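When we follow UniProt numbering, the leftmost residue of the sequence shown carries the number 1, and every step to the right adds one.
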Amino acid sequence: MVTLYPTMIPTLLPNSQLDQRKIHHPDVLGLNVGDEIKVKYFGRDPVNGRIRLSRKVLQIPVMQTNFDTAKG
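Here it is in structure tokens:
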């Protein structure tokens, strides 16, 4: 759960939005309750009105390597 400002009701930040890698629990990233993290605010979901947040969009993209470069 994430709180953007002190009087705000905590908002869910799904594990899928915490990191570019697939994780099952925030402990894997060393995150603990009370830690401050940077997130991007995408506004409210037009269907259900929930706040949309992401931490993974602020991370540097993982480089993909092309293993098919050696052609003989």
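Ideal Cβ positions, reconstructed from N, Cα and C, are used throughout, including at glycine.
Remember, it's a predicted structure, so these values are computed and weren't measured experimentally.
- Continuous beta strand (DSSP E) stretch holding Y41: start and end: K40 to R44
- Query: Which one or two residues does DSSP pair with T11 in a beta bridge?
  - Reply: V2
- Determine the extent of the beta strand (DSSP E) in which R21 is found, giving its start and end residues. Premise fails: R21 is in no beta strand (DSSP E) and is neither H nor E.
- What do you get for V39, buried or exposed, if any count of 16 or more other CB atoms within 10 angstroms of its CB means buried? buried
- According to DSSP, is L58 helix, strand or coil? helix
- State the DSSP-derived secondary structure class of L31, mapped to helix, strand or coil. coil
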